[in-house]
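Undergrad: Protein chains in written order, with the numbering used here: chain A, 1 to 293; chain B, 1001 to 1336. The structure's right below; bear with me while I get my questions together.
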Amino acid sequence: MLDWFDAYTGTVLNGLALAAVLFVIAVGLSLVFGTMDVLNLAHGSVSLVGAYVGVAMVGDSASIAAFVAAVLVASAIGLVLGGVLAAMTAKVSGHLRQALLTLGVALIAGDVLAEVFGSDVKRVRAPEGLDGSTEVLGTPYPVYRLVMVGVGLAVAVLLYLVLERTRLGAIVRATVADRDMVEAVGIRTTLVLGGVFAGGAALAAAGGLLAAPVLGAQPGLDDTILLLALVVIVIGGLGSLRGALLGAVLVGQVQVLGVALLPELASFMLFGAMGLVLLLRPAGLLPAPGRRA
Amino acid sequence: MSADVQEVTAPLVGGSRRRPAWRLLAAGVVVVVLALLPLMLAAYPIGLMSRILAFALLVLSVDLLTGVTGLPTLGQVAYFGTGAYTAGLVGVHVTSNAPAQLVAGTLAAALVALVTGAVVVRTSGIVFLMVTLAVGELAHQAVDSLAFTGGTNGLVGIPPITLLPGGEPLLLSGFVYWWVLVVFLLGAAVAAVVVASPLGRSMRGVRDGETRLRALGQETYPVKLSAFVVAGALAGAAGTAWVAQARFISPGDLAFDVSAFALLAVVLGGAGSLWGPVLGAAVVIVARDELSSYVGGLGSMLLGAIFVVAVYLLPRGIAGVARVRRPAWTRSRGTA
């Protein structure tokens, strides 16, 4: 067992690194669905915008400070994009019409990004000082991927504290559970919802940039990210923070460990696993409390 | 979720039952014009029309589930692909006879729909959407990795179709178009008959209030499974028509964007109406494939702009334009 773990340490860590950015990206999608009942199919595009911010600001080499600055810029752009999307979807009711609207926005964004940045794969270097490798259990492993895991954990803890321990978080959770009741006690839910949408998009853009040193930036990556994020949140349970975390860890391991252990079945495992989870637990593994499936 | 779909679609089907004589006449004129097109148009636009009709039949199958039954689906590419690959494989290994390929592809798709649907229709709403997405993606991965489907390269070397055993292969795009038109009209007729039948009434009942239907003592599972199998068969027929005109099928034809565009064509056209989604399918194909060169290769951007504008200007899709009166009760907001 320990031998096996030794051999696959790097693989498991790769899965965790992927899980970390998937969580950062997907949690916004999940909370937006939970609070606003909006399935934002432009979420992957926001992440791709973040990755291209990295291409423009970091590119081949940058100091840690420049990388952090790029993350902040990406988050700010994400915040604005989220606000715009929240305003656009506010008056559009029905999942199908929201899908039409947000996928329309995603198509436009995809073509604009391809025009500006070209259709070839763009690389983003990990910041200087973090682009080397270190020893983990006797195997060399890239430092930056460990940083990704750390950032993902930090975001998870921070979100948990904000959502579970603050008044603001209580309002957001209440809005997930029963929007009309929150409105009835005198809280403007449109502001709550717009804030969640903007915050979720900011995280998606930051996550796209964090993932860029590993995944790069190219047209079509928006679809890939959207599909993975959708799988993460439906496996975990829509609108649930813990669900998004569990879903991200599962999807990260299935994606990476699956390829290493069962290469011939790897491409089936992700959607096979999602189908299985949904058929057994339609509400996901850790559904948000108070929310009906 | 089911309430959302109901809100989009409820008034349209009611409208389709009024003035049947007028509607029959209009449908007759459209069919005659479609049938005469090869005598008027050059080979290239006729090829485009063939693609539109094949895709439109796929869109009709999505509409039967999404618009009529209230089950939004991203998985019809699985049955479209089953039909297409079956027809292609029959063409390569057995016979180039088009009716035989149609029957084989449709039956294979219906069978696969029966097996998968038996499990899938136990879910509803957004979960149904995601489970069908999984089915579609699994089919996409399957044809991509299996050897006998040609893998990533797709199925090549499909001979041109023939109509009669031992007959001349149909090489002219006009003749191929007529065959695709026949398949489309057969499929559309099946869809229209199903929608008007008692099964269609039960399907709308599932969409508008599944619990109510159950309370009245009707089992809804057989209704949903029947709808799923009929829709799967139509998607399979669409697949055989697609292969007949393209003589090629590859995993790319089963990709996520095809599912997404098929679903959006339904919403754009007006879910629940039958003619609206057909027009929606035409808009999608023309904007993405044909008008792209007029806007500097930015076909996706044009299509995206059409989607965004349609959401605000056509709240009930293209079919909603024909029907201005809207009962107030359909505007109630869904809970999920």
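Note that beta-carbon positions come from the ideal geometry of N, C-alpha and C, so glycine has one too.
When you compare the CB positions of Y1221 of chain B and G1047 of chain B, do they come within less than 9 Å of one another, or not?
TA: Going by C-beta atoms, Y1221 of chain B is not nearer than 9 Å to G1047 of chain B.
Undergrad: For T1330 of chain B, name the three-state secondary structure that DSSP assigns.
TA: Bear in mind that the predicted position of T1330 of chain B carries a pLDDT of just 48, short of 50, making it too unreliable to give a figure here.
Undergrad: Let me know the secondary structure DSSP gives L1114 of chain B once reduced to three states.
TA: Looking at L1114 of chain B - three-state DSSP - the assignment turns out to be helix.
Undergrad: Since I believe A1087 of chain B is in contact with T1240 of chain B (beta carbons under 8 Å), could you give me their beta-carbon distance rounded to a whole number of angstroms?
TA: That pair is a contact at about 4 Å.
Undergrad: Quick check: what's the CA-CA separation for S1016 of chain B versus L39 of chain A?
TA: Model confidence at S1016 of chain B stands at a pLDDT of 47, short of 50, so the residue's coordinates are unreliable; what they give is reported in the following sentence. Between S1016 of chain B and L39 of chain A, the C-alpha separation is close to 31 Å.
Undergrad: So if I threshold CB-CB distances at 8 Å, which residues from the region 1064-1095 of chain B count as touching chain A?
TA: So the list reads T1066 and P1072, given in the order they occur along the chain.
Undergrad: With V379 of chain A as the anchor, note down where its alpha helix (DSSP H) starts and where it stops.
TA: In the structure as shown, chain A starts at 1 and stops at 293, and residue 379 of chain A therefore has no counterpart that could be examined.
Undergrad: List, in order along the chain, the chain B residues whose C-beta lies closer than 7 Å to that of D111 of chain A?
TA: Those are L1298, S1300 and M1301, listed as they occur along chain B.
Undergrad: Distance, Cα to Cα, S1293 of chain B vs R188 of chain A?
TA: Whole-angstrom Cα-Cα distance: 47 Å.
Undergrad: Going along the chain, which residues of the region 250-264 of chain A sit with their C-beta nearer than 8 Å to a C-beta in chain B?
TA: Hits within the stretch, in order: E264.
Undergrad: Any beta carbon from chain B within less than 9 Å of N13 of chain A's own beta carbon?
TA: Checking the sequence shown, residue 13 of chain A turns out to be Leu, not Asn. It does not; no Cβ of chain B falls within 9 Å.
Undergrad: Just the Cα atoms here: how many angstroms apart are I225 of chain A and G1157 of chain B?
TA: Cα to Cα, I225 of chain A sits roughly 35 Å from G1157 of chain B.
Undergrad: Tell me, to the nearest whole angstrom, how far the beta carbon of G275 of chain A is from that of V1030 of chain B; I am working on the premise that it is less than 8 Å.
TA: Contact flag wrong, Cβ pair sits at about 40 Å.
Undergrad: What's the call for T134 of chain A, buried or exposed, on a 16-neighbour Cβ count within 10 Å?
TA: Exposed, by the Cβ-count rule.
Undergrad: State the DSSP-derived secondary structure class of L1164 of chain B, mapped to helix, strand or coil.
TA: Residue state, collapsed to three classes: coil.
Undergrad: To the nearest whole angstrom, what separates the beta carbons of A1104 of chain B and V1090 of chain B, a pair I think is in contact under 8 Å?
TA: So it is a contact: roughly 5 Å between Cβ atoms.
Undergrad: Which same chain residues end up closer than 7 Å to W1145 of chain B when comparing Cβ atoms and leaving out the 5 residues on each side of it in sequence?
TA: A small correction: the amino acid at residue 1145 of chain B is Ser; Trp does not occupy that position in the sequence shown. Result list for S1145 of chain B: G1151, in chain order.
Undergrad: Using only CA atoms, which one of B:L1039, B:L1058 and B:I1249 lies nearest to A1265 of chain B?
TA: Selected option, being the one with the closest Cα: B:L1058.
Undergrad: Regarding D180 of chain A and the ligand GDP, is the C-beta to nearest heavy atom distance less than 8 Å?
TA: Although the ligand GDP was asked about, the structure shown includes no ligands whatsoever.
Undergrad: Could you check if Y970 of chain B is buried or exposed, using at least 16 other CB atoms within 10 Å of its CB as the buried criterion?
TA: For chain B, the structure presents residues 1001 to 1336; residue 970 of chain B sits outside this window and is missing.
Undergrad: Assuming contact is defined by CB atoms lying nearer than 9 Å, are L221 of chain A and A51 of chain A in contact in what I supplied?
TA: Cβ distance < 9 Å, so L221 of chain A and A51 of chain A count as in contact.
Undergrad: Sorted by chain position, which residues of the same chain lie with C-beta nearer than 7 Å to N1097 of chain B's C-beta, five sequence neighbours on each side aside?
TA: Result list for N1097 of chain B: T1162 and P1165, in chain order.
Undergrad: What did DSSP end up calling P219 of chain A once you bin it into helix, strand or coil?
TA: The answer is coil: DSSP assigns P219 of chain A none of H, G, I, E or B.
Undergrad: Suppose you measure from the CA of A1282 of chain B to the CA of I1052 of chain B; what does that come to, to the nearest Å?
TA: Looking at the two C-alpha atoms, the distance is approximately 6 Å.
Undergrad: Taking just the CA atoms, how far does V143 of chain A sit from H43 of chain A?
TA: About 28 Å.
Undergrad: Find the nearest neighbour of V157 of chain A within the set A:T11, A:F23 and A:A66, judged by alpha-carbon distance.
TA: It is A:F23.
Undergrad: Going along the chain, which residues of the region 159-191 of chain A sit with their C-beta nearer than 8 Å to a C-beta in chain B?
TA: Here the close residues number zero.
Undergrad: How would you label P287 of chain A, buried or exposed, when you count the other beta carbons within 10 angstroms and need 16 or more for buried?
TA: Buried: at least 16 other Cβ atoms inside 10 Å.
Undergrad: Which of the residues in the region 1212-1236 of chain B, read from start to end, lie with their CB under 9 Å from any CB of chain A?
TA: Hits within the stretch: zero.
Undergrad: Ignore the nearest five residues each way along the sequence and tell me which others in F1184 of chain B's own chain have a CB closer than 6 Å to its CB.
TA: Counting only Cβ-Cβ distances below 6 Å, and skipping sequence neighbours, we find L1053 and L1057.
Undergrad: In three-state terms, what does DSSP make of G15 of chain A?
TA: The answer is helix: DSSP assigns G15 of chain A an H, G or I state.
Undergrad: Determine, using beta carbons only, whether P140 of chain A comes closer than 9 Å to chain B.
TA: No, its Cβ sits nowhere closer than 9 Å to a Cβ of chain B.
Undergrad: Taking only beta carbons into account, state which residues of the region 273-288 of chain A come closer than 7 Å to chain B, listed in chain order.
TA: Per Cβ criterion, the list reads M274, G275, L278, L279 and P282.
Undergrad: Is there a Cβ of chain B sitting closer than 9 Å to that of L230 of chain A, yes or no?
TA: Yes, its Cβ sits closer than 9 Å to a Cβ of chain B.
Undergrad: Excluding the 5 residues flanking V1121 of chain B on each side, which residues of the same chain have their C-beta closer than 6 Å to its C-beta?
TA: Only K1224, L1225 and F1228 meet the Cβ criterion.
Undergrad: In chain order, what residues of the same chain lie with their CB nearer than 6 Å to the CB of V12 of chain A, ignoring the 5 residues before and after it?
TA: Cβ within range, chain order: n/a, list empty.
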